[in-house]
Structures are given as structure tokens and as C-alpha cells.
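Chemist: Before we start, here is the structure in question, set down as C-alpha cells.
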Amino acid sequence: MTEPRKKTFVHTYVMLLLRDRNLSQTALAEKYGCSLQAINQVLLGKSDSAQIKAHIAKTLGYESWQRLNDAALFFSDSFSTMYNYPTAQRNSLNQAAIEEAVHVG
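According to the working numbering, the stretch in the sequence shown is residues 34 to 138, in order.
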């Protein structure tokens, strides 16, 4: 039985960067001369190939994998905050409306 795919912050961030640059994982693999599976394994955190990590980072304009990873984590935190804030605010407003309706009725 195969293990289910587990996306990482880096995987998601790299996919967005690739799309923004009209590139694909396949193009990245061809440019470096490795397999698509090798690229995908690194992005999913299943492989720790320093050479492939460096290639991905350089192709996407980062000086190192660590810088790319830091940017991915920052993006993830920012997106999470942005995405969850309106939901939390809306839930708070809904709760206030419910409480007011209970007291009015």
C-alpha cells in the first residue's frame, strides 16, 4: 500500500512560484537532469538531496534551500493569519448577533 501524499509548506509555496513563472515540476526536473519523482520527493520532504534542493532554490531565485524554506513558512503563516482572521471575526459577529437575538426575544 502506498503512503498518501503529504504536502508541505515548501511544496505548496514552490508550486505557486512555479506557476507564477510558467514552469512545472517536469520542467524543473528536465532543467536539472533528474526525474520528476526526485523533485517531487524533495518537495514532499521524503528526500533530502542537497543538490536538488539547491537547484530548486536557485531556479526560483533563492540563494539557498533554507531561504526558500523560510519564505515558505512566512508565506504559510501570513496566509493562515489572513485566511483565519475574517473567519474568526465573522464567528465573533455571528455569536454577538445570536446573543442579542436571545436577549431581545
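Think of the CB as a built atom: it goes at the ideal place given N, C-alpha and C, for glycine as much as any other residue.
Counting only the same chain and skipping the five closest in sequence on each side, list residues whose C-beta sits under 8 Å from that of isoleucine 72.
Modeler: As a working note, residue 72 is residue 39 in the sequence shown. Cβ within range, chain order: Gln58, Leu61, Ala62, Tyr65, Ile85 and Ile89.
Chemist: How many Å lie between threonine 92 and histidine 44 at the Cα?
Modeler: For this step, residue 92 is matched to residue 59 along the sequence shown. For this step, residue 44 is matched to residue 11 along the sequence shown. Each residue's Cα considered, the two are about 15 Å apart.
Chemist: Check the C-beta distance from leucine 76 over to threonine 41 and give it rounded, since I have them as a contact under 8 Å.
Modeler: By one-based count along the sequence shown, residue 76 stands at place 43. By one-based count along the sequence shown, residue 41 stands at place 8. Contact flag correct, Cβ pair sits at about 7 Å.
Chemist: Closest by CA to serine 82, which one among Gly94, Met48 and Cys67?
Modeler: Residue numbering aside, residue 82 sits at position 49 when the sequence shown is read from its first letter. Nearest option by C-alpha distance: Cys67.
Chemist: Return the first residue and the last residue of the alpha helix (DSSP H) that arginine 54 is part of.
Modeler: Here residue 54 is taken as the residue at index 21 of the sequence shown, counted from 1. Premise fails: arginine 54 is in no alpha helix (DSSP H) and is neither H nor E.
Chemist: Using the three-state DSSP reduction, which class does glutamate 63 fall into: helix, strand or coil?
Modeler: As a working note, residue 63 is residue 30 in the sequence shown. In the structure shown, glutamate 63 sits in a helix (DSSP, three-state: H, G or I).
Chemist: Sort Gly94, Trp98, Ser111 and Asn102 by Cα distance to arginine 54 and report the nearest one.
Modeler: Residue 54 sits at position 21 when you count from the first residue of the sequence shown. The candidate whose alpha carbon is nearest that of arginine 54 is Gly94.
Chemist: Could you check the C-alpha separation between aspartate 110 and alanine 104 for me, to the nearest Å?
Modeler: Numbered from 1 along the sequence shown, position 77 holds the residue referred to as residue 110. Numbered from 1 along the sequence shown, position 71 holds the residue referred to as residue 104. So the alpha carbons of these two residues sit roughly 10 Å apart.
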